[in-house]
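Down below is the structure, laid out as structure tokens.
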Amino acid sequence: MALKATIYKATVNVADMDRNQFLDANLTLARHPSETEERLMLRLLAWIKYANERLQFTRGLSAEEEPELWLRNDYLGIDLWIELGLPDERRLKKACSQATQVALFTYNSRAADIWRQQNQSKFRTYDNLTIWYLDDAQLAKLSALASRSMVIQATLQDGLIWLSEGENNLEITLDNWHQPE
Numbered sequence: 005m006a007l008k009a010t011i012y013k014a015t016v017n018v019a020d021m022d023r024n025q026f027l028d029a030n031l032t033l034a035r036h037p038s039e040t041e042e043r044l045m046l047r048l049l050a051w052i053k054y055a056n057e058r059l060q061f062t063r064g065l066s067a068e069e070e071p072e073l074w075l076r077n078d079y080l081g082i083d084l085w086i087e088l089g090l091p092d093e094r095r096l097k098k099a100c101s102q103a104t105q106v107a108l109f110t111y112n113s114r115a116a117d118i119w120r121q122q123n124q125s126k127f128r129t130y131d132n133l134t135i136w137y138l139d140d141a142q143l144a145k146l147s148a149l150a151s152r153s154m155v156i157q158a159t160l161q162d163g164l165i166w167l168s169e170g171e172n173n174l175e176i177t178l179d180n181w182h183q184p185e
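Following our numbering from start to finish, the sequence shown increments by one per residue and tops out at 185.
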């Protein structure tokens, strides 16, 4: 018997002072049976970082040909491709060739450091790739905010992300591992 996805609902209020973007959204996230709560919350954080009313969660782990999130334009092109984890070079190349902008959110400090060292020279060949890294301690605090029904206030300013959910408050700093020149 196949396991079903667990559904999470998030009401999110985003005030992105850096981009002058203000947005209220009701999001539905499906957590794949093999997905951790940390990864689910990182997907939500990625959505918050690039908040846009047209930014959509895809089938994620269930569809290898799709990113975790994408922003499609009116002509079905991909303006933004958001990936999570430590993808191989072929996946990055595909994303960078199909999308105007690619954002990768990495985590898992031990494996991420090794992956970064092995691939750093290749990053320079992609002029539309941004890589963000979230350390294990911050990811653990982020996942502590997870619940099946969340109401999250997010403020982004000067590269910092402040999240509040009920009585819980969290400041997140994403390390920028690669930025297009």
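All C-beta atoms, glycine included, are put in the ideal place defined by N, C-alpha and C.
One or two residues paired with residue i in a DSSP bridge
i: serine 38; result: Answer is none; serine 38 lacks a bridge partner.
i: glutamine 25; result: Asp20
i: tyrosine 54; result: Partner(s): none; tyrosine 54 has no beta bridge.
i: lysine 13; result: Thr32, Ser153
i: alanine 103; result: Ile82
Own chain, CB closer than 8 Å to residue i, minus 5 neighbours either side, in chain order
i: asparagine 172; result: Ala148, Leu149
i: asparagine 77; result: Asp83
i: arginine 204; result: Outside the displayed range of the chain (5 to 185) lies residue 204, so it cannot be described from this structure.
i: tryptophan 11; result: One point to set straight first is that residue 11 is isoleucine, not tryptophan, in the sequence displayed. Once the five neighbours on either side are set aside, the close Cβ partners of isoleucine 11 are Thr32, Leu33, Ala34, Arg35, Arg152.
i: lysine 126; result: Glu93, Leu96
Cβ shell of residue i (< 6 Å), same chain only, five flanking positions each side left out
i: methionine 5; result: Note that methionine 5 scores a pLDDT of 47, beneath 50, so its modelled location is shaky; the value from the coordinates is reported in the next line. Hits under 6 Å: none found.
i: aspartate 140; result: Ser113
i: asparagine 17; result: Asp28, Gln157
i: serine 168; result: Gln157
i: threonine 15; result: Asn30, Val155
i: serine 153; result: Lys13
i: phenylalanine 26; result: Ala19
i: glutamate 41; result: Ser147, Ala150
Cut-off 7 Å between Cβ atoms - residues of its own chain near residue i, not counting five sequence neighbours on either side
i: cysteine 100; result: Val106, Tyr130, Asn132, Leu133
i: glutamine 102; result: Ile82, Trp85
i: glutamine 183; result: Thr134
Contact check, residue i vs residue j, beta carbons under 8 Å
i: glutamate 47; j: alanine 9; result: The sequence given here has arginine at residue 47, not glutamate. No, they are not a contact pair.
i: isoleucine 165; j: isoleucine 52; result: yes
i: leucine 108; j: methionine 45; result: no
i: glutamine 142; j: isoleucine 176; result: yes
i: arginine 120; j: tryptophan 74; result: no
i: alanine 55; j: aspartate 20; result: yes
i: leucine 96; j: tyrosine 137; result: no
i: alanine 115; j: leucine 88; result: no
i: glutamate 72; j: alanine 50; result: yes
i: phenylalanine 61; j: leucine 80; result: no
Problem - Every unbroken beta strand (DSSP E) within the region 105-183, with a cutoff of 3 residues, ordered by chain - result: 133-137, 153-161, 164-169, 172-177, 179-182
Problem - Any beta strand (DSSP E) of 3 or more consecutive residues that is wholly inside the region 58-90 - result: 59-61, 73-76, 82-88
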